[in-house]
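For reference, the structure discussed in these notes is given below.
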């Protein structure tokens with residue numbers, strides 16, 4: 001779990017401790033996951049049913065196509081492939097342990113975190129995973145329909161603060177949020193004081209970091 005996730009969960013827990021009425025709201029983002037430790041022969045050595053408030057999706061690092069705007073390669077992947085991490089079949093190496101994950105219970109609101117930044121890197125922005133993730137605005141998980149209602153995106157600043165460069169020699173970031181207007185069906189993008197309409201088919205072009213999906217009854 002990285003620093004941003006720790007901060008988010010710590011903030012939620014602190015708010016709940018001060019206002020118990022928020023617990024019901026917090027419960028709507030809680031699900032459960034079946035976590036399995038696997039040995040070299042593919043046998044389960046340990047199995048636990050764990051609660052979660054956020055599912056992390058691991059972005060690939062190998063590049064597949066060349067960006068036309070900058071001299072670097074950028075990978076394109078899709079949410080369906082990334083979600084296979086939780087199908088109970090795909091194996092994931094965590095430290096020295098091989099694990100399999102299976103979603104056992106879905107929350108009413110599903111938070112997805114795309115793992116872009118290495119908290120141990122001296123230049124986490126410069127060395128981030130820049131993969132572009134394609135996704136529809138409605139998906140089916142375990143035969144349950146979800147619709148996207150919020151998309152938090154990262155962008156690298158084109159101009160960096162000289163002071164920041166001296167201190168960290170890293171790139172600067174700016175963060176935006178894309179929200180769906182239920183009354184109009186349109187997507188709006190917010191970057192600080194800047195607001196503009198965003199075409200749904202172009203949402204994936206940004207570096208998605210956190211998404212909020214709502215379960216459909």
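Residue numbers (the UniProt record's numbering): 1 to 217. Ideal placement from N, C-alpha and C gives every residue a C-beta, glycine not left out. All of these numbers come straight from a predicted model, not from anything done at the bench.
Next on the checklist: For residue 203 and residue 40, what's the separation of their Cα atoms in angstroms?
Outcome noted: Numbered from 1 along the chain shown, position 203 holds the residue referred to as residue 203. Numbered from 1 along the chain shown, position 40 holds the residue referred to as residue 40. For residue 203 and residue 40, the distance between alpha carbons rounds to 40 Å.
**Study point:** Proximity winner among 80, 84, 207, relative to residue 157 (alpha-carbon distances)
**Key:** For the purposes of this step, residue 157 is taken as residue 157 along the chain shown, with counting starting at 1. Measuring from the Cα of residue 157, the nearest candidate turns out to be 207.
Below 7 Å CB to CB, which residues in the same chain sit around residue 127 once its five sequence neighbours on both sides are set aside?
Taking the first residue of the chain shown as 1, we reach residue 127 at position 127. These residues qualify, in order along the chain: 118, 121.
Could you pull the DSSP bridge partners for residue 76 from this structure? For the purposes of this step, residue 76 is taken as residue 76 along the chain shown, with counting starting at 1. In the DSSP output, where bridge partners are listed per residue, residue 76 has 132.
Quiz item: Comparing alpha-carbon positions, which option in 184, 131, 53 lies nearest residue 25?
Solution: Walking along the chain shown from the start, residue 25 turns up at place 25. It is 53.
- Query: Considering only residues of the same chain and omitting the five flanking positions on each side of residue 61, which have a CB-CB separation below 7 Å?
  - Reply: Along the chain shown, read from residue 1 onward, the residue named residue 61 stands at position 61. Closer than 7 Å at Cβ, skipping near neighbours: 129.
- Message: For residue 155, count the other beta carbons within 10 Å of its own beta carbon; 16 or more makes it buried, fewer makes it exposed. Which is it?
- Response: Counted from its first residue, the chain shown places residue 155 at position 155. Exposed.
Take every Cβ of the segment 94–107, pair it with every Cβ of the segment 175–189, and state whether three or more of those distances are shorter than 8 Å.
-> no
Alpha carbon to alpha carbon, what distance is there between residue 196 and residue 190?
-> The sequence position of residue 190 within the chain shown is 190, counting from 1. The sequence position of residue 196 within the chain shown is 196, counting from 1. Each residue's alpha carbon lies about 7 Å from the other.
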